[in-house]
Amino acid sequence: EKGGYASFMLKEIADQPKAVADTLLGRIDGSGTLHLDEVRIAQTALREVDKVVVIACGTAFHAGMIAKYAIEHWTRLPCETELASEFRYRDPILDQRTLVVAISQSGETMDTLMAVRHAREQGAKVLAICNTNGSTIPRESDAVLYTHAGPEVAVASTKAFLTQLVACYLVALYLGQVRGTKWGDEIRTVVRQLSEMSGAVERVLGTMEPVRELARSLATHDTVLFVGRHVGYPVAMEGALKLKELAYMHAEGFAAGELKHGPIALIEEGLPVVVIVPSPRGRSVLHDKIVSNIQEIRARGARTVVIAEEGDEEVVPYADHLIRIPATPTLLQPLVATVPLQVFACELATARGNEVDQPRNLAKSVTVE
Ligand code: F6R
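Position in the sequence shown (first residue = 1) + 246 = the UniProt record's numbering.
In structure tokens form, the structure reads like this:
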């Protein structure tokens, strides 16, 4: 049941710290070593993998886009992420050394299932990341890593997405651990940082009132744009998808670097543009680039909604609205940066009088191609 919340979506957003913690439970030991016994693909086979292909749809696809950054960084294996509905129609190059990671909350999405079948027919090993025990995709895969989000009732995916991210990080770090990479020490450090992310998600949830207020103030707008770089780009796409499906508004997520190649022409006076800012620590070149993107957008009259780490003062002069998130390693930031976007979409949809748990024209699991 809704446990006192006005909608399942609100309850599921609030459940996220637990969902994240539950998905990590029993999989990490005190020394920062991962134990993924359920990944029943022999370690020798995992060492022979020479390419990873991630397939998924919708929100799960956005998790898969983030997985690509994590897998390539921590394993140095080439990784591509593809929409499941496109995958088998382009005759993809797959063989016994390809690891296919199929991400699906329901485990019943027909596009993803057909892509899994195609991959296995070509001899690839398939690892499913799934939230529903015993569903079709895990049954047809070589192995499954379950997300422990618990049942997700609202049509728009929230807590399942965060746990898909956790599972993708686990797979990336596990591949790094099994195969051994030059990032060995970094992997153990990140495993420990990952185990602290549930608390970080909890902290974000405690600071969402200004986000709700902002959402209500934008209820009569027609368009909202989202931009990000690196892992902030899929986060921007996810923010836009949530707004489309719940608020029925025109929303688009762009890679910030692409703005000047076309989309910047959309910007006009007062247009809300949400910018996901990477950590100023670590890959600071990313941060510098985003700061100049915010300036460009603002110079053209946009109303900037800036999501930035606590302590990032450089963005302050260019933010019409500033949403703070806890400092995290760059690759893990989507776990906290997505939460305000979920709250934003849910509140905006409610302000527009929409039913958030059952958006029009959508079904919870899409069992047709
Ligand atoms: C968006 C949403 C959908 C699903 C997509 C895949 O909020 O819920 O985009 O993410 O239909 O569904 P699963 O993960 O069940 O394969």
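All residues carry an ideal CB built from backbone N, CA and C; glycine is no exception.
Which listed residue (the options) has its alpha carbon closest to that of residue i
i    : options                : result
G557 : G547, I569, A548, S277 : I569
V266 : S387, A446, Q588, P526 : A446
G422 : R549, I536, L292, L464 : L292
Y564 : A573, I536, E354       : I536
L460 : I571, K297, V551       : V551
D431 : T321, S350, S253       : T321
H567 : E442, S463, P509, Y420 : S463
A406 : M255, Q604, P575       : M255
E555 : Y392, I543, R286, A573 : A573
V470 : P397, A548, Q289       : A548
L416 : E398, A501, Y392, P397 : Y392
G499 : L487, T269, I349       : L487
M360 : R385, S331, Q541, T427 : S331
Span of the alpha helix (DSSP H) around residue i
i    : result
S530 : 530-545
V266 : 262-270
G310 : 304-321
H364 : 356-367
T550 : Run containing T550: none in the alpha helix (DSSP H); it sits in the beta strand (DSSP E), 549-555.
V479 : Looking at the sequence itself, residue 479 is Tyr, so the reference to Val does not match. 478-493 is the span of the alpha helix (DSSP H), which, as asked, contains Y479.
A591 : 580-597
A291 : 289-294
T469 : Looking at the DSSP string, T469 is not in any alpha helix (DSSP H); the run it does join, the beta strand (DSSP E), is 469-474.
Check: residue i C-beta below 8 Å from any heavy atom of ligand 1
i    : result
G353 : yes
S611 : yes
V401 : yes
G304 : yes
E258 : no
L411 : no
T427 : no
L270 : no
L391 : no
K488 : yes
E515 : no
E556 : no
S350 : yes
T382 : no
T358 : yes
A548 : no
A313 : no
E459 : no
E491 : yes
A501 : no
A406 : yes
Check whether residue i and residue j have beta carbons under 9 Å apart
i    : j    : result
A418 : H281 : no
R425 : I274 : no
F472 : L581 : no
L578 : H394 : no
G369 : D341 : yes
V401 : K610 : yes
D283 : R343 : no
V298 : P338 : no
V362 : I383 : yes
L517 : H467 : yes
V300 : Y420 : no
T355 : C303 : yes
Residue i: first and last residue of the uninterrupted beta strand (DSSP E) it sits in
i    : result
T344 : 344-350
I375 : 371-376
Y392 : 389-392
T327 : 325-329
T435 : Taken as a continuous stretch (DSSP letters only), T435 belongs to no beta strand (DSSP E), being part of the alpha helix (DSSP H) at 430-440.
*Is the region 393-410 in contact with the region 299-313, if contact means three or more CB pairs nearer than 8 Å?*
Yes, the region 393-410 touches the region 299-313.
Q.
Taking contact to mean 3 or more Cβ pairs, one atom from each stretch, closer than 8 Å, check whether the region 250-262 and the region 592-600 are in contact.
A. Taking a contact to require three or more Cβ pairs closer than 8 Å, the region 250-262 and the region 592-600 qualify as touching.
How about the region 485-492 and the region 594-604: do they share at least three Cβ pairs that are nearer than 8 Å?
-> With a cut-off of 8 Å, the region 594-604 and the region 485-492 count as touching, because enough Cβ pairs lie within range.
Should the region 515-529 be regarded as contacting the region 472-487, the criterion being three or more beta carbon pairs within less than 8 Å? Touching, yes.
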